[in-house]
Structures are given as C-alpha cells and as structure tokens.
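Q: For the sequence shown, our numbering assigns the number 737 to the initial residue and increments by one for each residue that follows. Here it is, the structure, as structure tokens.
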Amino acid sequence: MQGNGGAFGIDGSIFAAALIIHGSIFSNNIAEGDGGAFSFSSAGPISITGSTFSSNIASNGGAFQESGAAAVDIDNCSFVDNAAPEYSYSGKGNGGAFISNTNGDVNIVNTDFFNNTAGDDGGAFVTSSLRIFVYQSMFVGNAATGESYTSNGGVFVTKGRDVSVQISGSTFLGNSASEGEGGVFTTVYPAGVLLESSIFEDNHAEDVGVFKLDWGNSGIIVNISSCSFTGNRATTGAGGVFWKRLGADMYISDSLFANNSASRMGGVAYTGSNGHWVIRNSLFISNHARSYSGSGGVFSIDLGSVNYRADVNISASAFRGNTAAIKGGALFVLASPSALVMRIEGSAFDGNIAAGAGGALYTWQWGHIDISDTSFSGNQATLVNQPGVDLDLSYIPHSGGGGAIYADNAFAISTRNATFVANEAQGFGGAVLFTTDDEWNRNGVHAWDEARGIIHITGGSVSHNAAESRWYSFATLDLFLLSSLSLSL
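This is how it looks when you write it as structure tokens:
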C-alpha cells in the first residue's frame, strides 16, 4: 500500500476517542510509508491486547506507527519478524515493530518481541514517550541492522527528553546493534532508569553491549536490582553492559555480572562522568576488557576532567576471575586527586588478572581510598597473554606491577583488616605498588619523585605474595603508618 498504514490508517482529520485492538492478527502487510499494519495519528489512547503482528513491513514502524496518542498499552501480544528496512521506500528504517510519538506512556506487559529488525534505530521500537514500562515480556533476536555507527538500540531507542525507563521481570536475549550502540537500548537525557528482576543475556553492539545512557543532568537515578547480565559484549568499543556518559547516580544491588566483555574499556561498564556509585551484594565473575587498549575488566571510571567528581561505595560484593589487557583486572580509575572518594567494605577480589598493571585494582591520581574487611587473593599483574585477551606487550609501560593494587600517584589510602594473600606481580609490588608518577623506565627503578601521599594500614595480613618486591612503596610519603599488621612469606 502507498502511504501510511498497510491495513488501515487513522489521521488527525478523524476524531478518535480511542483505538482498541483485541484478539487480532496482522500478517504480511506492507506500507511504503509508516506503519506496516496500521498508522494512527490522533489524540486518543491506543490499547492492543491478545493480538499478533508478524512479517509486516514499513519505512518506519514495521507493524504500526502512532503519533500523538494519549498513551499506548500493549498486553499479551506477539510481534514477530516485522521490519523497517534501512533501504525501504523512504529510506528511514526506524522501529522494526513500532514507532511511537505518544505524549503519554508506553506500557508493554506480557508481550513477546522476536526477530524484529530496523535498518536504523530500534530493532523492536522507537519512542519519544515520557515513560516506558516493560513488565514480564521477552525480547529475543531483535536487531538494529544499519551499516552505520548511528544505527542504535537492538530493542529500543528513546528520542525524547526526560524519559523514564522501567523494566521489570523481563528477558532480553541475543539482541544486537551490530554497527552502532546499545545491544538492548539507548536513551538520551533520561529522567531515570530502573531495571529489576530481569535477565540480559548474549546481547551485543559495536559499542555498549546492553544499554547506553547518553547525556543528561546530575542527580538522575539509575537503579539495577536483582538482575542477571551474562555474555553481553561491546565488540569493538567500550562497556560490555553499559556506558554512562551523563551525571547519573548508579545503584547496583543483588545482581550478577558474568562473562561480559568489551574490546576496549570496561568489561561491564565505562563512564567518563560524575556521579555516585553504590554497589552492594553483587557478583562480578569472568568479565573482560580484551584488547590492547582494554582497562578495567569490570569497571573503567575515567574522571580525567577536574570538573568531574564521584563517590564510589562497594560493599558485600565479589570480583572473581576478571581480566584486563592493560590495567585494572577488576577496577580501573583515573581521577584528579580531589575528584574521587572510594570505599570498599566486606568484599573479595579473587583471581583477577591485569596483563599490565594492577591485578585487581589500578588507580591513577587517586583521591581517597578506604578499604576495610576486604580480601585480595590470587590476583596477578603479569605480562603473559591471557585466554581471550588481545595483548600488545610492546604497548605496556608498567612492567607488571601491583599484583593486587597499583596506586599510581597515590594521594590518601587506608586499609583496615584487609588481607592480601598469594597475589603475584611480574614487576614490583606482589601485593601493592605505590608510585608517584606515571613515568617508568625499563630498569624498573625510576619515577618522578613529586607527589606526596598518606598511607594508613591497620590490622589485616599480607602473606605469600610474590614479586621482585613483595610490598613496595616508591613515593615521597607524608605519612606511612602500620598498626597490628601481620606480614609473612
């Protein structure tokens, strides 16, 4: 059909109190314009229940397109194999299943989206609504297939400002944006994001395996609770699970992150912005920052700008078997001295590996770090290639330093009842290496002696760590205090 709405269309010249679709099937409809099955341009609400949309095609909104609806409610429906191709009739290709420009909410409940594709944004849908609510729904094999880095959101993309995204009890499996960003979704200037009791598995994109938060204001809350993220990946970019550009506050609790990877920074997450991080009772297992520029097997936090500030609080969490091709097998942090406060409490860092520096944790120009009741065991800083890590040994300037922690330009560090057991560094610092500058030469004995810092160690133990120097501090320190510390070979 030429124009919009392959099966039917309602435009603004027709007053529609509401559009209600129930128990219907729309299959193999085609529109040269928008909305393969139907197009709706009116101020009334849309309610779709118990219906199936399959193999419909349009330039935008493979199954349907709406503009101006008061709300869109989709319940107990199925969207399968719908498409908005990149090289379609109008050459747009947004929203494989639907495109929504509602002034209200989009509510998706108990609905399946399988194998929908868009040539540009939103393999399943694109929306500019103020609130997206997804509950007990499945999204499998949806894709933004465009051959451009601007083809984003394997499942959905938000186009408006101040959008609230809430996802609960849902599954996202094998969705992709192969040349763009956000294997599941991207959102710009969001009002907030809540992900709870949901599964995200084997999603991928060139940049950001699951979701990207792009721009926004400070104080926005992103809450992830009781979720599982496994096998997601950023194939050539950063952020195996998410990328936080905006100044949002991150709360992560009771969640699992396993086998996620990024080619560059942040096997789980990358951020270059300010905000608070609260991570509680969560597991981070076998995540990887793989390539020669890969730092932060789990988190890569880059606060290089003096205008950015962050507080990071980690408690009752475990980081196991994570790897980075360069720095920070689990955590990589870059910050100006006054920009960051990190507290790690009641947590464990076991068997993490950085093929360059900082087996568990690498920091540069750190602000303040407080570690209490936390164990570091079997972590390694080694110049040996690890499985699945694409390491360019000639690129690494730090000679395998800091089996557990490499604090470069240390400012203020305190540990209480922390244990360091069987960590290993091929260079200096089997357990911990403190230096005063990023400068390092091949003889391993040179650094600029400029920075000053405070190190305070109370309680805990250091045992069976191995390196050229087991516990090595190469700095000019204002204060170095040891109290009730057990040291053993």
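From the three backbone atoms N, C-alpha and C, an ideal C-beta is built for every residue, glycine too.
If we ignore side chains and look at the alpha-carbon of each, how far apart do residue 977 and residue 935 end up?
A: 12 angstroms
Q: Measure how close the beta-carbons of residue 921 and residue 892 come, nearest whole angstrom, since I'm counting them as under 8 angstroms.
A: 5 angstroms
Q: Could you tell me the distance, in whole angstroms, from the CA atom of residue 1185 to the CA atom of residue 1170?
A: Confidence at residue 1185 is low in this model, with a pLDDT of 30, below 50, so the placement of that residue is unreliable and no value is reported for it.
Q: Between which two residues does the beta strand (DSSP E) holding residue 796 run?
A: Counted as a single uninterrupted DSSP element, the beta strand (DSSP E) harbouring residue 796 occupies residues 793 to 796.
Q: Does residue 768 come out as helix, strand or coil in the three-state DSSP assignment?
A: strand
Q: Identify every residue that forms a DSSP beta bridge with residue 1116.
A: BP columns for residue 1116 point to 1089, 1160.
Q: What's the gap between the Cα of residue 881 and the Cα of residue 870?
A: CA-to-CA, the gap between residue 881 and residue 870 works out to about 23 angstroms.
Q: Quick check on the DSSP output: what are the complete beta strand (DSSP E) runs of length 3 or more inside the segment 793 to 862, in order along the chain?
A: 793 to 796, 800 to 803, 808 to 811, 814 to 816, 834 to 837, 841 to 845, 848 to 850
Q: Quickly, what does DSSP pair residue 1137 with across the bridge? List them, please.
A: 1093
Q: If I measure Cβ to Cβ from residue 929 and keep anything under 6 angstroms in the same chain, skipping five residues before and after, which residues do I get?
A: 901, 958
Q: Over the uninterrupted beta strand (DSSP E) stretch that includes residue 1054, give me the two end residues.
A: 1054 to 1056
Q: Taking Cβ positions, are residue 1056 and residue 1021 nearer each other than 8 angstroms?
A: The Cβ atoms of residue 1056 and residue 1021 sit closer than 8 angstroms to each other.
Q: For my contact list, residue 1067 and residue 1014 are in at a C-beta cut-off of 8 angstroms; report their separation, rounded to the angstrom.
A: The Cβ separation is near 15 angstroms, so there is no contact.
Q: Which class does residue 1067 belong to by DSSP, given the choice of helix, strand or coil?
A: strand
Q: Of all the options 1007, 908, 841, 946, which has the alpha carbon lying nearest to the alpha carbon of residue 809?
A: 841
Q: Nearest-angstrom Cα distance between residue 816 and residue 833?
A: 8 angstroms
Q: How long is the line joining the alpha carbons of residue 1150 and residue 1038, rounded to whole angstroms?
A: 22 angstroms
Q: CA-CA distance, residue 829 and residue 770?
A: Cα to Cα, the separation comes out at about 9 angstroms.
Q: Using only CA atoms, which one of 946, 800, 822 lies nearest to residue 996?
A: 946
Q: Where residue 756 and residue 787 are concerned, what is the direct C-alpha to C-alpha distance, given to the nearest angstrom?
A: 11 angstroms
Q: Could you spell out the range, first to last residue, of the beta strand (DSSP E) harbouring residue 868?
A: Note, residue 868: beta strand (DSSP E), 867 to 871.
Q: Report the partner residues of residue 969 according to the DSSP bridge assignment.
A: 940, 997
Q: Going by the CB atoms, is the gap between residue 831 and residue 792 shorter than 8 angstroms?
A: no
Q: Between the Cα of residue 1104 and those of 852, 1048, 807, spot the shortest distance and give me the residue it belongs to.
A: When each option's Cα is compared against that of residue 1104, the closest is 1048.
Q: Per DSSP, which one or two residues make a beta bridge with residue 782?
A: Looking at the DSSP assignment, residue 782 forms a beta bridge with 755, 808.
Q: Given this structure, state the Cα-to-Cα distance separating residue 856 from residue 1154, to the nearest angstrom.
A: Distance between the alpha carbons of residue 856 and residue 1154: 50 angstroms.
Q: Here's a check: name, in chain order, each residue in its chain whose Cβ is nearer than 7 angstroms to the Cβ of residue 773, leaving out the five neighbours to either side.
A: Within the same chain, residue 773 has close Cβ partners 742, 743, 762, 765, 789, 792, 799, 800.
Q: Whose C-beta lies closer than 6 angstroms to the C-beta of residue 1065 among residues of the same chain, with five residues either side of it excluded?
A: 1033, 1058, 1059, 1088, 1089, 1090, 1095, 1096
Q: For residue 929, which of helix, strand or coil comes out of DSSP?
A: strand
Q: From 781, 909, 916, 1165, pick the residue whose C-alpha is nearest to that of residue 972; which is it?
A: 916
Q: I need the straight-line Cα distance from residue 1062 to residue 894, nearest angstrom please.
A: 34 angstroms
Q: Would you report the Cα separation of residue 754 and residue 853, rounded to the nearest angstrom?
A: 28 angstroms
Q: Report, in whole angstroms, the separation of the C-beta atoms of residue 1009 and residue 1051, which I expect to be a contact under 8 angstroms.
A: Contact between residue 1009 and residue 1051 does not hold, since their C-beta atoms are separated by about 23 angstroms, which reaches or exceeds 8 angstroms.
Q: Tell me whether residue 1049 sits in a helix, a strand or coil according to DSSP, three-state version.
A: strand
Q: With DSSP as the reference, label residue 1036 as helix, strand or coil.
A: strand
Q: Would you decide whether residue 923 is buried or exposed? Buried here means 16 or more other CB atoms lie within 10 Å of its CB.
A: buried
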